[in-house]
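Taken in order, the sequence shown gives residues 0 to 235; the numbers are from numbering that gives the first Met the number 0. One structure is given here, and the rest of the page talks about it.
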Amino acid sequence: MQFISLDYQKNKIHLNFQKMIDTFELMNQMINQMQQKIFVLEQQIKEKEKNDQIIKNELNHFKLLLQENIQYKSKEQENIQSNLTTPKESLNQTLITSDLTTPQIPTKEDIIKEEGSDTTTNLSQSPLLTNVKNKCFICGEVLDSAQFSSHFLHHQQSITPQPVTCFAKPLIPISSINPNIKPSHQNASNSSCQLTPIVLSPQTSSKFPCPLCDVNLRTNDLLIKHIEAAHYKLLK
Numbered sequence: 000m001q002f003i004s005l006d007y008q009k010n011k012i013h014l015n016f017q018k019m020i021d022t023f024e025l026m027n028q029m030i031n032q033m034q035q036k037i038f039v040l041e042q043q044i045k046e047k048e049k050n051d052q053i054i055k056n057e058l059n060h061f062k063l064l065l066q067e068n069i070q071y072k073s074k075e076q077e078n079i080q081s082n083l084t085t086p087k088e089s090l091n092q093t094l095i096t097s098d099l100t101t102p103q104i105p106t107k108e109d110i111i112k113e114e115g116s117d118t119t120t121n122l123s124q125s126p127l128l129t130n131v132k133n134k135c136f137i138c139g140e141v142l143d144s145a146q147f148s149s150h151f152l153h154h155q156q157s158i159t160p161q162p163v164t165c166f167a168k169p170l171i172p173i174s175s176i177n178p179n180i181k182p183s184h185q186n187a188s189n190s191s192c193q194l195t196p197i198v199l200s201p202q203t204s205s206k207f208p209c210p211l212c213d214v215n216l217r218t219n220d221l222l223i224k225h226i227e228a229a230h231y232k233l234l235k
């Protein structure tokens, strides 16, 4: 009996010990699962906080945009209101002042009055062409003043008619010399201190052609004025 009881006790102790081992293993598994669950929850919390911060930033951004738009709208309403309440007399005075400060374009009649009725001006009498007196701009041949226009007719046959852009400051409006010649933009005749680009188109109905741009002019005097106004500063 004594021997049997000892074996029984040993077996019982062994079984209890095995149960404890199984219990510890189970607890370890549960701890690992809980740690994994906690890690996942922490990651979800961090992600949620990050998303919340992004949403807050976007919300603040749209609030600033809304405030700027409200301020801009208020300012525009004030400008419109001030324009609507401007007195009519003030507007008229502004228009009159702008008309007084707008430079007047001399007409062909004004130019004739200033220069007289003489239309037989010689090339040698032109004050701007003193440095190129009696000299052909194209071939350099020395000419008599009377042969100036006829010599240019000789060069016309070898020049292909095409529009030419000149950046010379006109002394007189080109349109007053030949109404068919128009500036390349509407403000060309109003320029007072900078060179004005002028596009000249070929004409065939006049008597004296320009050798540089093939524009035909009615008289030798107009040809001289045209060269002074459109080409002289490029050829000086």
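Using N, Cα and C, we set each Cβ at its ideal position, and we do this for glycine too.
Item, Value
"From Ile20 to Leu58, what distance separates their C-alpha atoms?", "57 Å"
"By DSSP, does Val214 sit in helix, in strand, or in coil?", "coil"
"Do His230 and Leu216 have their beta-carbon atoms positioned less than 8 Å apart in this structure?", "no"
"Roughly how many whole angstroms lie between the Cα atoms of Phe207 and Leu142?", "17 Å"
"In the DSSP assignment, the alpha helix (DSSP H) including Asp220 goes from what residue to what residue?", "219-229"
"For Ile30, collect the residues of the same chain with a Cβ closer than 8 Å to its Cβ; drop the 5 residues on either side in sequence, then sort them by chain order.", "none"
"On the criterion of 16 or more Cβ atoms from any shown chain inside 10 Å, does Glu227 qualify as buried, or is it exposed?", "buried"
"On the CB-based measure, 16 or more other CB atoms within 10 Å of its CB, does Asn219 come out buried or exposed?", "buried"
"By a C-beta neighbour count over all protein chains shown, 10 Å radius and 16 as the cutoff for buried, is Ile69 buried or exposed?", "exposed"
"Excluding the 5 residues flanking Lys18 on each side, which residues of the same chain have their C-beta closer than 7 Å to its C-beta?", "none"
"With burial defined as no fewer than 16 other Cβ atoms inside 10 Å of the residue's Cβ, what is the status of Leu221: buried or exposed?", "buried"
"Expressed to the nearest angstrom, what Euclidean distance is found between the alpha-carbon atoms of Gln43 and Ile37?", "10 Å"
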